[in-house]
Amino acid sequence: MDIQKLSPRLGICGQVELSDIPEIVQAGYGLLVCNRPDEEERGQPGFAEIAEAAQTAGLATLYLPVAGPSDFARQAPAMAEAMRTASGPVLAYCRSGARSSMLCTAAIAP
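Residue 181 is where the sequence shown starts when you use our numbering, and the numbers rise one by one after that.
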């Protein structure tokens, strides 16, 4: 897993696997945000599966899927709120990290 830190309180990465959860917790993240729609690609872990493992490890989760361009504007307010209120740093993920990066940018735009 390759985490790109956008700020001290925000990171992005590609698809999170169940085996990544301990590393995410150890890195100090307080909230894991999934921006990838379930069943986007065959074999990807679903959000419920990731969320269950994360929550068991003490990591909060949020599902804000971005499937197309209109989703950025729709999900940006919720992402901004999550970034503002999370108890610790936020890690957002999608397939490659690109949508998460774009959504975070939209969330902090004036």
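We put the beta carbon where it would ideally sit given N, CA and C, even for glycine.
Contact set for residue i: own chain, Cβ-Cβ below 8 angstroms, skip 5 residues either direction
i: residue 266; result: 189, 210, 211 and 240
beta-carbon residue i near the ligand ZN non-hydrogen atom, thresh 7 angstroms
i: residue 228; result: Only the bare structure without any ligand can be found here, which leaves the ligand ZN out of the picture.
C-alpha gap between residue i and residue j, whole angstroms
i: residue 278; j: residue 289; result: 17 angstroms
i: residue 262; j: residue 194; result: 19 angstroms
i: residue 202; j: residue 248; result: 30 angstroms
i: residue 215; j: residue 259; result: 10 angstroms
i: residue 271; j: residue 207; result: 10 angstroms
i: residue 228; j: residue 238; result: 15 angstroms
Residues that DSSP places opposite residue i in a beta bridge
i: residue 272; result: 192 and 213
i: residue 240; result: 211
Collapsed DSSP secondary structure at residue i in the structure displayed
i: residue 186; result: strand
i: residue 283; result: helix
i: residue 224; result: coil
i: residue 249; result: helix
i: residue 262; result: helix
i: residue 218; result: coil
i: residue 229; result: helix
6 angstroms Cβ shell around residue i - same chain, five flanking residues per side excluded
i: residue 181; result: 193 and 200
Same chain, Cβ closer than 7 angstroms to residue i, five either side skipped, listed in chain order
i: residue 235; result: 241
i: residue 217; result: 245 and 247
For the stretch 185-202 against the stretch 240-255, do three or more pairs of beta-carbon atoms, one drawn from each stretch, fall closer than 8 angstroms, so that the two count as touching? no
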